[in-house]
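To start, the structure itself, in structure tokens.
Written as structure tokens, this is what we have:
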């Protein structure tokens, strides 16, 4: 396995570095959840789109660059290395859009994909419900089919970017007699439709990005169903795998966090903390190499076991460990120190730690990832069902 970058890949990296250095925002943007911040992020997204850098991994025929897995990795690495703003339409770019590409009709691709690239339509994901978080088989939001219309009733919760979204891709139950994952359909819902109510969900650190979304008799055209009616679980599997494998440049963010930690350890740490820093650096390097190996498998079209669960599990564990260590090094000073996050908001040093703990839950909790690894990859007995 050759993990060295080719001359062409190195040239693409230099191209990105030059463009990001020349065109990236010179100051942190305001929060996208504020009116001025949303406009700032939208301006940045349009600059990316005009330069052709909005969605490198998308096929050229739908507005992307047609980049392969390695070029997408290089893009993710450099985007993270330059600490550029969090993508405004990440749910559409990384999850919803690719799912439409994989399962949608040509008409659906032409109708939905351009608005994602230009950010005319901001997408969010509608999977989690009050009684169906990690267990999506418990979804109760219904979609009753009446002719060429689906009438949606129910509630979604913990909807990332829900307060700025115009469009939701959602799982709804279209067959009430079916059990578990059966009878679910994958549908695109215009959140500006009558009967939709969006309520912000406040968080302890003040970020209002989450929302709960209520549907009461919301009429959705049947032409918005992606895939076949009742086949939503298979369609959603594409989005879930993308979510767990999101950000092939996440090791770059870990490296940056380690650099910040190293600076503070040098100034405030003791010998034991220096030793722990070395351990974290070794873990991060191993995670980087695992990411490269996974990218190689994708780029060469090999059909080995999907390792997105392993990568998701390991990233969240290292992320939490790095920020736990940073809090230990800073001690009481961590309570008063602030910095700018990728979404432009001021936050205490503890917020990175909080986000790390949250990452162990979203996109399928780490406990679920361990079950997937043990049952599907290692062939161990399944967990007993209560």
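Residue numbers (our numbering): 126 to 511. Even for Gly, the Cβ is constructed at its ideal location relative to N, Cα and C. Just so you know, these numbers come straight off a predicted model, no measurement behind them.
Out of the options, point me to the one whose CA is closest to residue i's CA.
i, options, result
"residue 199", "254, 141 and 157", "141"
"residue 149", "342, 344, 137 and 170", "170"
"residue 540", "269, 268, 252 and 267", "For the chain, the structure presents residues 126 to 511; residue 540 sits outside this window and is missing."
"residue 489", "365, 236 and 380", "365"
"residue 347", "166, 393 and 273", "273"
"residue 480", "435, 214, 240 and 441", "441"
"residue 230", "350, 214, 239 and 432", "350"
"residue 218", "207, 247, 295 and 195", "247"
"residue 146", "207, 195 and 403", "207"
"residue 323", "228, 402, 355 and 288", "288"
"residue 495", "453, 433, 225 and 457", "433"
"residue 177", "502, 209, 144 and 352", "144"
"residue 354", "336, 483, 295 and 326", "295"
"residue 196", "236, 232, 240 and 139", "139"
By the three-class DSSP mapping on this structure, what secondary structure does residue i have?
i, result
"residue 347", "helix"
"residue 364", "helix"
"residue 137", "helix"
"residue 295", "strand"
"residue 209", "coil"
"residue 280", "strand"
"residue 180", "coil"
"residue 271", "strand"
"residue 322", "strand"
"residue 357", "helix"
"residue 374", "coil"
"residue 250", "strand"
"residue 78", "Nothing can be reported for residue 78, as the shown portion of the chain is limited to 126 through 511."
"residue 152", "coil"
"residue 499", "helix"
"residue 385", "helix"
"residue 311", "strand"
What does the Cβ neighbour count give for residue i, buried or exposed, with the cut at 16 atoms within 10 Å?
i, result
"residue 187", "buried"
"residue 425", "exposed"
"residue 418", "exposed"
"residue 345", "buried"
"residue 443", "buried"
"residue 319", "exposed"
"residue 399", "exposed"
"residue 504", "exposed"
"residue 334", "buried"
"residue 131", "exposed"
"residue 228", "buried"
"residue 220", "buried"
"residue 515", "In the structure displayed, the chain extends from 126 to 511; residue 515 sits before or after that span and is not available."
"residue 540", "This structure gives no information on residue 540, because the portion of the chain shown stretches from 126 to 511."
With 7 Å as the threshold, decide whether the Cβ of residue i is near any Cβ in chain C.
i, result
"residue 407", "This model lacks chain C altogether; it includes just one protein chain."
Since residue i and residue j should fall inside the 8 Å C-beta cutoff, what is the C-beta to C-beta distance between them, to a whole number of angstroms?
i, j, result
"residue 379", "residue 450", "At roughly 12 Å, the Cβ-Cβ gap does not stay under 8 Å, so residue 379 and residue 450 are not in contact."
"residue 292", "residue 313", "6 Å"
"residue 374", "residue 201", "3 Å"
"residue 448", "residue 478", "4 Å"
"residue 405", "residue 383", "6 Å"
"residue 454", "residue 377", "Actually they are not in contact, since the Cβ atoms of residue 454 and residue 377 sit about 22 Å apart, beyond 8 Å."
"residue 249", "residue 286", "5 Å"
"residue 244", "residue 209", "With 8 Å as the limit, residue 244 and residue 209 do not qualify as a contact, their Cβ atoms being about 15 Å apart."
Is residue i near the ligand NAP, in the sense that its beta carbon is under 6 Å from a heavy atom of that ligand?
i, result
"residue 442", "The ligand NAP is not among the ligands present in this structure, which contains no ligands whatsoever."
*Is it a yes or a no for the region 158–167 touching the region 176–195, going by three-plus beta-carbon pairs under 8 Å?*
no
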